[in-house]
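Trainee: Under the working numbering, the first residue of the sequence shown carries the number 2, and numbering increases by one thereafter.
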Amino acid sequence: MVVTPELRADAARNRSLVLAAGRRRLVEQGLPLPMNTIARAAGVGVGTAYRHFPTQADLLQAIAEPAFADLVGQARAAVAAPDPAGGSGSCWMRRFANWLIRRSPWCWLLSRFPTTRRSPDPRGNWRS
2 MVVTPELRAD
12 AARNRSLVLA
22 AGRRRLVEQG
32 LPLPMNTIAR
42 AAGVGVGTAY
52 RHFPTQADLL
62 QAIAEPAFAD
72 LVGQARAAVA
82 APDPAGGSGS
92 CWMRRFANWL
102 IRRSPWCWLL
112 SRFPTTRRSP
122 DPRGNWRS
């Protein structure tokens with residue numbers, strides 16, 4: 002588990018602005034995520050953007066993590082829930098299909114998620 006220090010209110014706001022601008026850029030134009038363009042869209046300096054996300058992979062990971070965390074939550078809920086229509090497998094497939102529909106712009110991240118410093122296998126970040 003990576004422990005991140007708590008940010009000052011202004012730093013947290015700037016991080017959120019950069020993250021939102023990066024997310025919009027990714028959905029609208031895909032990769033790459035040029036930090037100067039993202040910083041301008043967020044209304045912050047490029048140094049501020051790099052302070053929060055030193056690399057494109059760091060920004061991409063921060064964008065993808067909530068979607069993957071939701072997917073893991075859906076999988077756990079499907080396994081735990083009784084499903085009279087065919088067991089947890091069919092329940093999981095329905096939940097996964099719904100997740101994909103809700104997040105279609107992010108689906109390609111499932112196969113292209115960058116390797117992280119926390120785990121050489123990015124899927125390992127979601128195992129517990």
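Here a beta-carbon is modelled for each residue, glycine too, at the ideal position from N, C-alpha and C.
#1: Would you say Cys92 and Ala79 are within 8 Å of each other, going by their C-beta atoms?
#2: Pull up the distance between the alpha-carbon of Ala63 and that of Met94, whole angstroms please.
#3: Quick one: what does DSSP say Val45 is sitting in, helix, strand or coil?
#4: Tell me where the alpha helix (DSSP H) around Arg16 begins and ends.
#5: Is it buried or exposed, Val3, if we count other Cβ atoms within 10 angstroms and call 16 or more buried?
#6: With C-beta atoms as the reference, is Ala58 less than 8 Å away from Val19?
#7: Mind checking which residues open and close the alpha helix (DSSP H) that includes Glu66?
#8: Buried or exposed: which applies to Asn15, given that a residue is buried once 16 or more other Cβ atoms fall within 10 Å of its Cβ?
Mentor: By the coordinates alone:
#1: Ala79 sits close to Cys92, with the two beta carbons spaced by under 8 Å.
#2: Approximately 26 Å between the Cα atoms of the pair.
#3: Residue state for Val45 is assigned as coil, using DSSP reduced to three classes.
#4: Where Arg16 is concerned, the enclosing alpha helix (DSSP H) stretches over Ala10 to Gln30.
#5: A caution first: Val3 carries a pLDDT of 45, below 50, which makes its placement in the model unreliable, though a value can still be read off. Exposed, by the Cβ-count rule.
#6: Contact: no.
#7: Counting along the chain, the alpha helix (DSSP H) containing Glu66 begins and ends at Gln57 to Ala81.
#8: Classified as buried, Asn15 has 16 or more neighbouring CB atoms from the shown chains inside 10 Å of its CB.
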